[in-house]
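Structure first, then comments.
Number of protein chains: 2
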Amino acid sequence: MGLGEFERIDRFFAPLSQGAGGAFGLTDDAALLPEAADGSAWVVTVDALVAGVHFLPDDPPDLVARKALRVNLSDLAAMGAVPYGYTLALALPKGLPDPESWLEGFARGLRADQDRYGIHLLGGDSVSTPGPVTLSITAFGSVARGGELRRSGASVGDDLWVSGTIGDAALGLGVLQGTLRVSAADAEILADRYRLPEPRVALGPALVGLATAGLDVSDGLVQDAGHIAERSGVALRIEAAAVPLSPAVRRCIDSSDPLRHDALSGVLTGGDDYELLFAAPPASRDRVSEAAAAAGVQVTRIGRVEDGRGVRVMAEDGRPLQGLERGGWNHF
Amino acid sequence: MGLGEFERIDRFFAPLSQGAGGAFGLTDDAALLPEAADGSAWVVTVDALVAGVHFLPDDPPDLVARKALRVNLSDLAAMGAVPYGYTLALALPKGLPDPESWLEGFARGLRADQDRYGIHLLGGDSVSTPGPVTLSITAFGSVARGGELRRSGASVGDDLWVSGTIGDAALGLGVLQGTLRVSAADAEILADRYRLPEPRVALGPALVGLATAGLDVSDGLVQDAGHIAERSGVALRIEAAAVPLSPAVRRCIDSSDPLRHDALSGVLTGGDDYELLFAAPPASRDRVSEAAAAAGVQVTRIGRVEDGRGVRVMAEDGRPLQGLERGGWNHF
Numbered sequence: 001m002g003l004g005e006f007e008r009i010d011r012f013f014a015p016l017s018q019g020a021g022g023a024f025g026l027t028d029d030a031a032l033l034p035e036a037a038d039g040s041a042w043v044v045t046v047d048a049l050v051a052g053v054h055f056l057p058d059d060p061p062d063l064v065a066r067k068a069l070r071v072n073l074s075d076l077a078a079m080g081a082v083p084y085g086y087t088l089a090l091a092l093p094k095g096l097p098d099p100e101s102w103l104e105g106f107a108r109g110l111r112a113d114q115d116r117y118g119i120h121l122l123g124g125d126s127v128s129t130p131g132p133v134t135l136s137i138t139a140f141g142s143v144a145r146g147g148e149l150r151r152s153g154a155s156v157g158d159d160l161w162v163s164g165t166i167g168d169a170a171l172g173l174g175v176l177q178g179t180l181r182v183s184a185a186d187a188e189i190l191a192d193r194y195r196l197p198e199p200r201v202a203l204g205p206a207l208v209g210l211a212t213a214g215l216d217v218s219d220g221l222v223q224d225a226g227h228i229a230e231r232s233g234v235a236l237r238i239e240a241a242a243v244p245l246s247p248a249v250r251r252c253i254d255s256s257d258p259l260r261h262d263a264l265s266g267v268l269t270g271g272d273d274y275e276l277l278f279a280a281p282p283a284s285r286d287r288v289s290e291a292a293a294a295a296g297v298q299v300t301r302i303g304r305v306e307d308g309r310g311v312r313v314m315a316e317d318g319r320p321l322q323g324l325e326r327g328g329w330n331h332f
Numbered sequence: 001m002g003l004g005e006f007e008r009i010d011r012f013f014a015p016l017s018q019g020a021g022g023a024f025g026l027t028d029d030a031a032l033l034p035e036a037a038d039g040s041a042w043v044v045t046v047d048a049l050v051a052g053v054h055f056l057p058d059d060p061p062d063l064v065a066r067k068a069l070r071v072n073l074s075d076l077a078a079m080g081a082v083p084y085g086y087t088l089a090l091a092l093p094k095g096l097p098d099p100e101s102w103l104e105g106f107a108r109g110l111r112a113d114q115d116r117y118g119i120h121l122l123g124g125d126s127v128s129t130p131g132p133v134t135l136s137i138t139a140f141g142s143v144a145r146g147g148e149l150r151r152s153g154a155s156v157g158d159d160l161w162v163s164g165t166i167g168d169a170a171l172g173l174g175v176l177q178g179t180l181r182v183s184a185a186d187a188e189i190l191a192d193r194y195r196l197p198e199p200r201v202a203l204g205p206a207l208v209g210l211a212t213a214g215l216d217v218s219d220g221l222v223q224d225a226g227h228i229a230e231r232s233g234v235a236l237r238i239e240a241a242a243v244p245l246s247p248a249v250r251r252c253i254d255s256s257d258p259l260r261h262d263a264l265s266g267v268l269t270g271g272d273d274y275e276l277l278f279a280a281p282p283a284s285r286d287r288v289s290e291a292a293a294a295a296g297v298q299v300t301r302i303g304r305v306e307d308g309r310g311v312r313v314m315a316e317d318g319r320p321l322q323g324l325e326r327g328g329w330n331h332f
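Chains as they are written, first to last, in UniProt numbering: chain A, 1 to 332; chain B, 1 to 332.
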């Protein structure tokens with residue numbers, strides 16, 4: 001017989017709530033959030049992940065835990081919020097061969113990223129399911145009230161920026177699925193970026209007061225740019241040549257001439273980047289660069305906000321790139 | 001082809017966020033909680049439900065939605081918190097025959113209980129799963145800081161109280177599973193109590209400052225009494241004859257003489273009651289009764305807090321009832 005629910009909570013989860021007084025060591029029906037700092041607001045975001053859909057069923061449980069946390073931290077960063085803690089709902093398959101070992105690894109992953117990002121488990125619910133591992137995390141952070149970054153707010157004339165590099169995760173998924181062949185070294189780099197995104201928790205809050213609109217790129221650069229365009233009532237123009245690419249992604253695009261367009265298209269629409277895409281007025285360029293340097297994150301200007309609607313991606317020859325439609329979100 | 005994720009959000013979920021300004025119509029990555037009232041704190045609770053485990057796979061989706069919400073509202077009430085809103089993570093089976101119709105019913109159920117309890121949807125995530133319908137709700141409420149009801153805090157000499165009646169839901173599950181036969185009228189009453197609990201949202205906050213400890217009865221009266229005993233470091237004595245029973249439950253116990261003990265045991269340990277179990281000093285009896293009357297809820301004194309550990313349920317002959325052990329939580 002495995003451990004009961006209470007023993008599982010005591011052993012694996014209660015230790016993760018230490019340091020958050022309002023979590024009461026997970027002994028009660030609910031948790032208390034501390035008082036928000038003067039003038040700041042609590043930000044709440046939720047993401048659900050299902051084995052076989054959002055991660056591979058045999059992914060190590062510590063990586064599953066960390067990816068689930070990071071996806072939520074990325075949403076907080078996109079709003080400009082500083083992360084504080086999270087609640088967890090976890091459904092484990094009844095037939096899981098060794099649930100204690102899985103939970104041990106899962107809790108180890110949570111602990112690693114709790115320490116990395118300075119957050120705590122505030123509460124949770126653990127149930128069994130006849131289906132696959134399913135988990136949902138609700139994360140909490142705080143932002144200066146009125147300073148939150150929204151998808152609306154981008155103005156004509158603003159620069160369009162993106163953090164980090166784009167496309168690594170999408171190509172990493174291709175590597176893991178066996179549809180893309182690259183060198184062993186590049187395969188590892190790209191797969192790692194898919195398995196474990198790097199939420200821009202320091203950059204997001206630093207953009208409050210500088211960026212006019214922003215979000216995190218999870219559906220794909222072009223699609224998510226479409227969300228900003230739609231909500232801000234503007235058009236976004238992206239210069240394909242300006243989109244920052246890692247050496248591994250650049251090698252991948254350069255080395256496969258006949259696939260060049262496919263690889264570039266995968267990079268621009270592939271998703272899972274968890275980089276911040278944001279608009280800011282040209283007058284703020286220096287301050288954006290300084291904020292990014294202070295956060296230790298590279299940022300790149302990839303385009304600008306124009307009159308109109310939708311997203312246009314321009315090739316180096318100055319003509320719009322075709323064939324990037326996906327999901328009906330990039331209107332040319 | 002069914003609707004895409006964004007169209008589903010627009011059609012079914014965004015309308016449920018109206019009235020909560022910080023939800024931004026579900027257009028952004030996260031939501032903002034409003035400022036907590038002076039001296040009050042945000043309370044957070046999470047519950048996960050899985051089809052085939054926590055509800056029947058062919059339960060109507062509006063009932064599933066309402067039960068999921070109410071289970072969380074009951075947790076808030078147990079802490080003495082006034083409900084404000086919730087986030088939703090929903091995993092729908094890929095092969096659901098008519099997902100739009102299911103979602104329409106689900107959203108209708110959410111709407112009904114939002115209106116009933118004055119709450120709003122603040123955010124959500126909707127994904128697909130190869131498994132059964134799985135949902136997780138994180139609910140938010142507010143309580144005077146320091147006034148929250150905990151499982152710890154019960155003192156020797158306190159009265160032990162419970163709201164409403166106990167056992168209806170447990171026997172209702174028996175009816176639905178075909179293991180219990182009662183009259184058609186009683187069957188409907190009992191099954192309804194299982195399908196749709198009545199969270200004590202008005203009583204919970206009214207007990208702040210009166211009750212010394214409390215929780216909502218979800219695992220079973222005896223087991224949950226065990227949680228208070230354990231966390232408060234006391235013993236709880238429950239008089240079986242004092243436990244409030246509905247006419248339907250009483251008929252069930254009385255009419256099945258050979259099953260008398262089984263039925264009573266099912267009532268005391270069966271769970272899913274979502275009534276409030278709480279301790280309060282005898283000096284507060286009148287104020288507890290007045291608070292309950294104002295909340296429109298019956299409350300009954302069923303025992304008292306004593307020195308020692310564990311839970312003892314006394315029969316009418318003054319001897320402890322045997323055979324109530326379940327899950328290792330009621331220590332005699």
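Note that the Cβ used here is the ideal one computed from N, Cα and C, for glycine as well.
| Check | Outcome |
| --- | --- |
| Buried or exposed (CB count within 10 angstroms, at least 16 for buried), A/V156 | exposed |
| A/V133 and A/A51 closer than 9 Å at C-beta | yes |
| 8 Å contact criterion, which B/A154 and B/I253 should meet: CB distance rounded | No, B/A154 and B/I253 are not in contact; Cβ-Cβ is about 28 Å, not under 8 Å. |
| CA-to-CA distance, A/L69 to B/E316, given in whole angstroms | 53 Å |
| With 16 other Cβ atoms within 10 Å as the buried cut-off, status of B/E148 | buried |
| Residue-level contact to chain B via CB, A/S126, 9 Å cutoff | yes |
| N- and C-terminal bounds of the alpha helix (DSSP H) containing B/D232 | First, the residue type needs correcting, since residue 232 of chain B is Ser and not Asp in the sequence shown. Taken as a continuous stretch (DSSP letters only), the alpha helix (DSSP H) holding B/S232 covers 221-232. |
| Residue range of the unbroken beta strand (DSSP E) whose run includes A/I302 | 299-306 |
| Under 8 Å from the C-beta of B/F24: neighbouring residues of chain A | R150 |
| Chain-ordered chain B contacts of A/V46 [CB-CB under 7 Å] | T87, A89, G123, G124, D125, T138 |
| Span of the beta strand (DSSP E) around B/G95 | From DSSP, B/G95 is part of no beta strand (DSSP E); its letter is neither H nor E. |
| Residues from the UniProt domain "PurM-like C-terminal" (156-314) of chain B in contact with chain A, defined by Cβ distance under 7 Å | L215, D216, R231 |
| Beta bridge counterpart(s) of A/F55 as assigned by DSSP | A/A51 |
| Where the beta strand (DSSP E) through A/D317 begins and ends | Here A/D317 belongs to no beta strand (DSSP E), and DSSP marks it neither H nor E. |
| Within chain B, the residues that A/G52 reaches when beta carbons sit closer than 7 Å | P130 |
| Chain B contact for A/G141 (CB, 9 Å cutoff) | yes |
| Beta carbon of B/L122 nearer than 9 Å to that of B/L277 | no |
| Within-9 Å CB hit, B/L324 to chain A | no |
| For A/A31 and A/A23, believed in contact at Cβ under 8 Å, the rounded distance | 5 Å |
| Whether A/A48 touches B/A89 by CB criterion (9 Å) | yes |
| Segment contact flag, the region 76-84 of chain A with the region 201-208 of chain A, C-beta cutoff 8 Å, min 3 pairs | yes |
| Whole-angstrom distance between A/V53 and B/E5, CA atom to CA atom | 15 Å |
| Proximity test, Cβ basis, 9 Å: A/L32 and chain B | yes |
| Exposure of B/P61, with buried meaning 16 or more beta-carbon neighbours within 10 Å | buried |
| Distance between A/P282 and B/R111 (C-alpha atoms, nearest Å) | 45 Å |
| A/S17 versus B/G233: straight-line alpha-carbon distance, rounded | 22 Å |
| Assigned secondary structure, B/A14 (DSSP; H/G/I helix, E/B strand, else coil) | helix |
| Whole-Å CB distance - B/G266 paired with B/G174, under 8 Å assumed | 7 Å |
| Chain A within 9 Å of B/W42, Cβ atoms only | yes |
| B/F332 at chain A interface by Cβ criterion, 9 Å | Because the pLDDT of B/F332 is 29, which lies under 50, any placement of that residue in the model is unreliable, and the number read from its coordinates should be weighed accordingly. For B/F332, the answer is no, since every Cβ of chain A falls outside 9 Å of its Cβ. |
| N- and C-terminal bounds of the alpha helix (DSSP H) containing B/V288 | 285-295 |
| Nearest-angstrom Cα separation, counted from A/V46 out to A/D224 | 18 Å |
| Beta-carbon proximity list for A/G296, same chain, < 8 Å, skipping 5 on both sides | A202 |
| Burial state of A/K94, where buried means 16 or more other Cβ atoms lie within 10 Å | exposed |
| Cβ-based neighbour list, A/D113, same chain, cut-off 6 Å, excluding 5 preceding and 5 following | R66, L69 |
| Extent of the continuous beta strand (DSSP E) run through B/S142 | 134-144 |
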